[in-house]
Amino acid sequence: MKHLFLVVSFFCMSETIFAQNNLAQRLFDAHEMFKEKSVIERRAFKHRHLVPLIDKAKANPNFSVTEAGKSFEGRSIFQLKYGKGAPPVLLWSQMHGDEATATMALLDIFNFLNASGDGFDDLRKKLQEKSTLYFVPMLNPDGVERWQRRTAQEIDMNRDALRLQCPESKLLKHLQQTLKPAVGFNLHDQSPRYSVGESKEVAAISFLATAYNEERTINAVRERAMQLIVGMNRELQKFVPNQVARYSDEFEPRAFGDNIAKWGTSLVLIESGGYKNDPEKQYLRKMNFVAILTALESIADGTYARENRNDYEKIPQNARNHYDLIIRNAKTELNGQTYTVDVAVNRNEVNNADATAFSYRSSIEDFGDLSVFYGIDELDAQGAMLVDAKGKPLVLRLGDRGNFELRSDKKSWKVESGFLKSL
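Residue numbering for the sequence shown follows this note's numbering, beginning at 640 and increasing consecutively.
Here you go:
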């Protein structure tokens, strides 16, 4: 009987470990079931699109939905509460108005928490009973309306944690001070051109356990954030291998992340970066969904505490070694002399009139020997000649539009608004 008990105990423990390790894959596979389809698959959705989705959450008795405050221009900022246990966890998105990837993921998470009978009820029960989750999607709705980083006051609210000149800033500090969350998730987008260390990989997701002083001291509060990131990194490696990086932990005394860590909350920064052929960041939306839910489970059951914080330092740091497009080994001509250059072009989003969509404006960022850099898209021109729209040799100038052609006897290409196509 004793041996049978040990066998059964071992089997149950193995099942638990398997379930924990398998959760990320199950969430990944099931994401489409919970994806909020009404937020069309474009990032530039507005506050008016968010409101009916918040109203939908109100119908779920497991959610408590309140208006936490108003923006400078009077738009409602909502708080959704889920669960009744300890510890409290605060998650907010879009404090920068043009960084919407995590907001989409939070809407998917609301659908997930609102569902049942799909094999995830044990997780929902755990989150309800062993944590209290406070979500604040779209913290800067005025910036969202303009599709810009800053608030309606043209202030970067992530540099307003001390002066608190924006109502949105005052609200975020008030939430931290009154809810006293053990963990906070600060959800952002970063440039899609960050590199994973010195590698050729683009950083799809970058994490940071925010420092709370100039010395970047590691106390118990910051250590917990590091441990959570170690777990999330391990899970995301299954889906974006070698494409997870670590954001710089240089102390910024005006930033909310640094101050919230100073005020006693373990602060996890998640930055959605770039992924090839995913300009609307729908795959990165899915990565946020998986990372956040697996982290919330580890908070609820305390398993994050098993992680070795030293593994956090093994995550490569963000670097800036990528351009959107690099043309290699092209020829150009100046003053009758022909020479070989690589050309780097970046594409930048430009809002339309009502900031509901955007076009691209490109610029030549560098040229010469660019062998130490990478292009998200690359072409070996094999000696093709750079020419302008009139077919004349292209005179390269930094900052000029990335519109030109490459011509050779074998093949020709056109670069328009920074996009490459064959002729």
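Just so it is clear, CB atoms sit at the ideal spot from N, CA and C, and this is done for glycine as well. Source: prediction; values computed, not measured.
Taking C-beta atoms as the reference points, residue 778 and residue 829 fail to come closer than 7 Å.
Contact check for residue 815 against residue 902 passes: the beta carbons are separated by less than 7 Å. Residue 1003 holds the alpha-carbon nearest to the alpha-carbon of residue 1038 among 1003, 1024 and 1010. Leaving aside the five residues that flank residue 1022 on each side, the residues in its chain whose CB is nearer than 8 Å to its CB run, in chain order, 968, 969, 970, 979 and 1047. Of 961, 965, 875 and 1011, the smallest CA-CA separation from residue 831 is found for 961. Annotated as distal: residue 806 and residue 686, with beta-carbon spacing of 7 Å or more.
For residue 750, same chain residues with a beta-carbon under 7 Å away, outside a window of 5 residues either side, are 673 and 675 in chain order.
Per DSSP, reduced to three states, the secondary structure at residue 664 is helical. Beta-bridge analysis with DSSP links residue 1044 to 1026 and 1053.
Boundaries around residue 727 are those of the beta strand (DSSP E), 727-732, since no alpha helix (DSSP H) includes it.
Per the DSSP secondary-structure output, residue 1005 pairs in a beta bridge with 983.
Secondary structure in the stretch 762-790: the alpha helix (DSSP H) runs of 4 residues or longer, each lying completely within the stretch, are 780-785 in chain order.
Straight through space, the alpha carbons of residue 854 and residue 765 are spaced by roughly 37 Å.
Per the DSSP secondary-structure output, residue 990 pairs in a beta bridge with 997. DSSP places residue 824 in the uninterrupted beta strand (DSSP E) bounded by 822-828. Beta-bridge analysis with DSSP links residue 713 to no other residue. When only Cα atoms are considered, residue 664 and residue 721 end up about 24 Å apart.
Residue 937 sits in a helix when the DSSP states are folded into three classes. In the assembly as shown, residue 952 is an exposed residue. Its beta-carbon has fewer than 16 other beta-carbons within 10 Å.
Counting only runs of 3+ residues, the beta strand (DSSP E) found wholly inside the stretch 887-924 occupies 905-911, in chain order. In the pairwise beta carbon analysis, the stretch 704-723 is classified as not touching the stretch 887-899: fewer than three pairs are separated by under 8 Å.
If the five residues before and after residue 760 are omitted, its C-beta is found closer than 8 Å to no C-beta atom of its own chain.
Residue burial is scored here from C-beta neighbours: residue 698 has fewer than 16 other C-beta atoms within 10 angstroms and is therefore classed as exposed.
In its chain, beyond the 5 residues on either side, no residue has a beta carbon closer than 7 Å to the beta carbon of residue 700. When the five nearest sequence neighbours on each side are left out, the beta carbons in the same chain lying within less than 8 Å of the beta carbon of residue 711 are those of 781, 790, 791, 792, 805, 806 and 807, in order along the chain. Under the DSSP assignment, residue 693 falls in the alpha helix (DSSP H) whose first and last residues are 686-697.
Annotation: the continuous alpha helix (DSSP H) that includes residue 747 extends over 740-753.
For residue 835, the pairing in a beta bridge is given by DSSP as 957. For residue 847, the enclosing beta strand (DSSP E) begins and ends at 844-848. The three-state reading of DSSP puts residue 814 in helix, counting H, G and I together.
In this structure the stretch 861-869 lies against the stretch 834-849, because at least three pairs of beta carbons, one per stretch, are closer than 8 Å.
Residue 1062 sits in coil when the DSSP states are folded into three classes, being neither helix nor strand.
Across the set 1061, 959, 1010 and 988, the C-alpha of 988 shows the shortest separation from the C-alpha of residue 737. In the structure shown, residue 1015 falls within a strand segment according to DSSP collapsed to helix, strand and coil. Non-local beta-carbon contacts of residue 870 in its own chain, meaning distances under 6 Å to residues more than five positions away in sequence, involve 937, 943 and 946 in chain order. Close CB contacts of residue 1061 within its chain, under the 6 Å cut and outside five residues either way in sequence, are with 1052 (chain order).
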